[in-house]
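Chemist:
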Amino acid sequence: MLLRVCIRVASHTKGSFTDLQLLVDIVDVISGSSILVEGGFLDFREMVPLGIHLPPPEMDHADRELHCDLAAVKLRAALKAGIGIDPRQMSGRLAVLVLSEDSGPVTIEEAAAELRGRGYRVDVVADELQV
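FYI, in our numbering the residues of the sequence shown are 20 to 150.
Listed below in structure tokens is the structure:
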């Protein structure tokens, strides 16, 4: 399952918590192991290749949050290197492309609907990554 998850951010209100909450929500909703394939700001340069593995959902909540915090640091560092600006200083639509290696009991439509319910814009890109 391949989803593009977006959230509108503003530099004056955005901090590291936005990135962390985005990743925690993705891990909570997607029942299988997931990889952030690419990320960036829509309508600003190209998306940046990421390859960041998110923690498996079967982890304890505190462990998942710790691993998501570490993944958020990697996300910010990769975006800064890729777009040349600290993403915490950007305003716009932050987007990540999430590849779920195993959809588990949750369908792609259910995962997208749950993330939309949490305030994200979600697009189903494809069932599989086309290489």
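For every residue, glycine included, the Cβ atom is placed at its ideal position computed from N, Cα and C.
Every value quoted in this text rests on a predicted model; they were computed, and no experiment measured them.
For I127, which of helix, strand or coil comes out of DSSP?
Modeler: Counted from its first residue, the sequence shown places residue 127 at position 108. Note: I127 maps to helix in three-state DSSP.
Chemist: Pick helix, strand or coil for A29, following the three-state DSSP scheme.
Modeler: Within the sequence shown, numbered from 1, the residue matching residue 29 stands at position 10. In this structure, A29 counts as coil in the three-state DSSP scheme.
Chemist: Would V64 be called buried (16 or more neighbouring beta carbons within 10 Å of its own) or exposed?
Modeler: Position 45 of the sequence shown, counting from 1, holds the residue named residue 64. Note that residue 64 is Arg in the sequence shown here, rather than Val. So R64 counts as exposed.
Chemist: Is V143 buried or exposed, if buried means 16 or more other CB atoms sit within 10 Å of its CB?
Modeler: Against the sequence shown, residue 143 aligns to sequence position 124. Exposed, since its Cβ has fewer than 16 Cβ neighbours within 10 Å.
Chemist: Tell me the start and end of each unbroken beta strand (DSSP E) in the stretch 60–123 that is at least 3 residues and wholly inside, in chain order.
Modeler: For the stretch 60–123, whole beta strand (DSSP E) runs of length 3 or above, ordered along the chain, are 63–72, 111–119.
Chemist: Three Cβ pairs or more, each shorter than 8 Å: is that satisfied between the stretch 43–59 and the stretch 84–102?
Modeler: Enough Cβ pairs lie closer than 8 Å, so yes.
Chemist: Which residue wins for smallest C-alpha separation from V67, given the options V125, G138, A114?
Modeler: Here residue 67 refers to the residue found at position 48 when the sequence shown is read from its first residue. V67 has its Cα closest to that of A114, out of V125, G138, A114.
Chemist: According to DSSP, what are the bridge partners of L22?
Modeler: What you label residue 22 is simply residue 3 of the sequence shown in a count that begins at 1. Answer is V117, V143.
Chemist: Rounded to a whole number of angstroms, what is the C-alpha to C-alpha distance between A130 and Y139?
Modeler: Sequence index remark: in the sequence shown, residue 130 carries index 111 (1-based). Sequence index remark: in the sequence shown, residue 139 carries index 120 (1-based). C-alpha separation (whole angstroms): 11 Å.
Chemist: Just the C-alpha distance for D82 and D62, rounded to the nearest angstrom, thanks.
Modeler: Within the sequence shown, numbered from 1, the residue matching residue 82 stands at position 63. Within the sequence shown, numbered from 1, the residue matching residue 62 stands at position 43. When rounded, the distance between both Cα atoms is 34 Å.
Chemist: Just to confirm my understanding: we take L118, look at its own chain, exclude 5 residues before and 5 after, and list those with CB closer than 7 Å. What are they?
Modeler: Position 99 of the sequence shown, counting from 1, holds the residue named residue 118. Excluding sequence neighbours, L118 sits near L21, S53, I54, V56, L148.
Chemist: Just the Cα atoms here: how many angstroms apart are S50 and E133?
Modeler: Locating residue 50 in the sequence shown gives position 31, where the first residue counts as 1. Locating residue 133 in the sequence shown gives position 114, where the first residue counts as 1. The alpha-carbon atoms of S50 and E133 are separated by roughly 12 Å.
Chemist: In the DSSP output, which residue or residues are listed as bridge partners for S55?
Modeler: Counting from one through the sequence shown, the residue named residue 55 turns up at place 36. According to the sequence provided, residue 55 is Leu. The question's Ser does not apply to it. According to DSSP, which records beta bridges pairwise, L55 is partnered with I71, V117.
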